[in-house]
Amino acid sequence: MPYAHKVTPGKKAKLGDYSPNADDGLNKDEGKKRFAKLNAELDLMQEELYAAGKHSVLLVLQGMDTSGKDGTIRSVLLNLNPQGVRVESFKVPTEEELAHDFLWRIHKVTPRKGEFGVFNRSHYEDVLVVRVHELVSKDVWKARYEQINQFEALLAASGTIIIKAFLHISQDEQEKRLLEREQDVTKAWKLSAGDWRERGYWDAYMEAYEDALTRCSTDIAPWYIIPANKKWFRNLAVSEVLVDILRGYRDTWHETLDAMSKARLTELQEYRASLAKPAK
Ligand code: ADP
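Here's what the structure looks like:
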């Protein structure tokens, strides 16, 4: 059984069916060992992705406050070559961003071919926080699910491999993490009264997440529910999804890289041969 739960396209995602506490019966040491193995493979595949320059990867990370979006980025991408990684965080839109369509700021920063892009929050905020707080009218946010699907289809058609991960924590775990931040002076900078305020809307967020996961899990851009109460398991589950999906592209990357190697060797041989010829 895979560690993460793929939301089957066309099927209703019910978060209550998945325990945020899940660990697949592993202990932390075993989990970390498995994670290290997957991480090494991911590292290798990123090099191939970068060198082949045929596809881009877009990992979308969503989750409630403290669900571990930053931690996932730090841990899972730890060994990747920073030259080929692009992390984008999406905050409250600026006045300029709000004066455009909601995908304007997103499309500008999608990863180019060869790049491994990560979205820390994303265009999904426009059907999550925006819906929960009624920042636009219902008909506007309702139309966005299909607009998002079309947008992601466009990205996929241009070679973007899209992987979307919802970091699933429980309400209790969130409270524990928020309280920990208060007690640890070195982490207090992360505190925000807003996090406690948003917590009050937990049920509305879960409903909004279920809808987003249900309506926008597609064959070309599936959603994965990641049990995220245990940080080590969350890292393991995200890595496994990434590695599993990217493995499917390795053959085409190898073909491209082989062709590139042959072309470079031929070029070099021709150059050497031209040096060996006597000048006329
Ligand atoms: P984070 O919690 O991601 O570490 P912040 O504390 O700055 O970073 O939070 C970013 C905030 O921006 C979140 O509360 C999020 O809901 C909000 N946000 C992101 N995108 C939008 C959007 N499109 N509309 C309104 N708010 C948004």
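For the sequence shown, position 30 matches number 30 in the working numbering, and the numbering has no gaps at all. All C-beta atoms, glycine included, are put in the ideal place defined by N, C-alpha and C.
Suppose the cutoff is 8 Å on Cβ atoms and the five residues either side in sequence are ignored; what does the same chain contact list for residue i look like?
i	result
Asp70	Asn120
Ile245	Ile161, Ile163
Glu182	Ala188, Leu191
Val243	Leu38, Glu41, Leu42, Met45
Glu180	Lys187
Leu268	none
Gly159	Lys54, His55, Ser56, Lys113
Ser261	none
Tyr18	His5, His168, Ile225, Pro227
Just grab the DSSP bridge partners of residue i for me.
i	result
Glu173	Answer is none; Glu173 lacks a bridge partner.
Trp104	Trp104 is not bridged to any residue.
Ala165	Leu61, Tyr224
Val87	Val118
Thr160	Ser56
Excluding the 5 residues flanking residue i on each side, which residues of the same chain have their C-beta closer than 6 Å to its C-beta?
i	result
Ala212	Tyr124, Val127
Gln62	Tyr124, Phe166
Glu97	Arg105
Lys28	Trp232
Ser89	Asn120
Asp24	Tyr3
Arg86	Pro111, Glu115, Gly117
What would DSSP say about residue i, mapped onto helix, strand or coil?
i	result
Ala99	coil
Asn235	helix
Glu146	helix
Arg112	coil
His5	strand
Thr66	coil
Lys11	coil
Thr94	coil
His133	coil
Lys262	helix
Tyr271	helix
Ala22	coil
Tyr201	coil
Pro82	helix
Lys324	Only positions 1 to 280 of the chain appear in this structure, which leaves residue 324 out of reach.
Asp126	helix
Leu187	Sequence inspection shows Lys at residue 187; the Leu mentioned does not correspond to that position. Three-state result, Lys187: helix.
Asp17	helix
Gly248	coil
Leu77	coil
Asp219	coil
Leaving out five residues before and five after residue i in sequence, what residues of the same chain have Cβ atoms less than 7 Å from its Cβ?
i	result
Val132	Tyr201, Ala204, Tyr205, Ala208
Ala156	Ile162, Ile220, Ala221
Ala51	Leu257
Arg215	Tyr145
Asn235	Phe35, Thr72, Ser75, Val76
Asp226	One detail in the question is off: residue 226 reads as Ile in this sequence, not Asp. Only Ala4, Ala165, Phe166, Leu167, His168, Arg234, Ala237, Val238 meet the Cβ criterion.
Ala153	Ile220
Tell me whether residue i, by its Cβ, gets closer than 8 Å to a heavy atom of the ligand MG.
i	result
Thr186	Absent from the structure shown: the ligand MG. Ligands present: the ligand ADP.
Considering only residues of the region 24-64, which uninterrupted alpha helix (DSSP H) runs meet the minimum length of 4 residues and lie entirely inside it, listed in chain order?
-> At a cut-off of 4 residues, the continuous stretches assigned as alpha helix (DSSP H) that sit fully inside the region 24-64 are 28-52.
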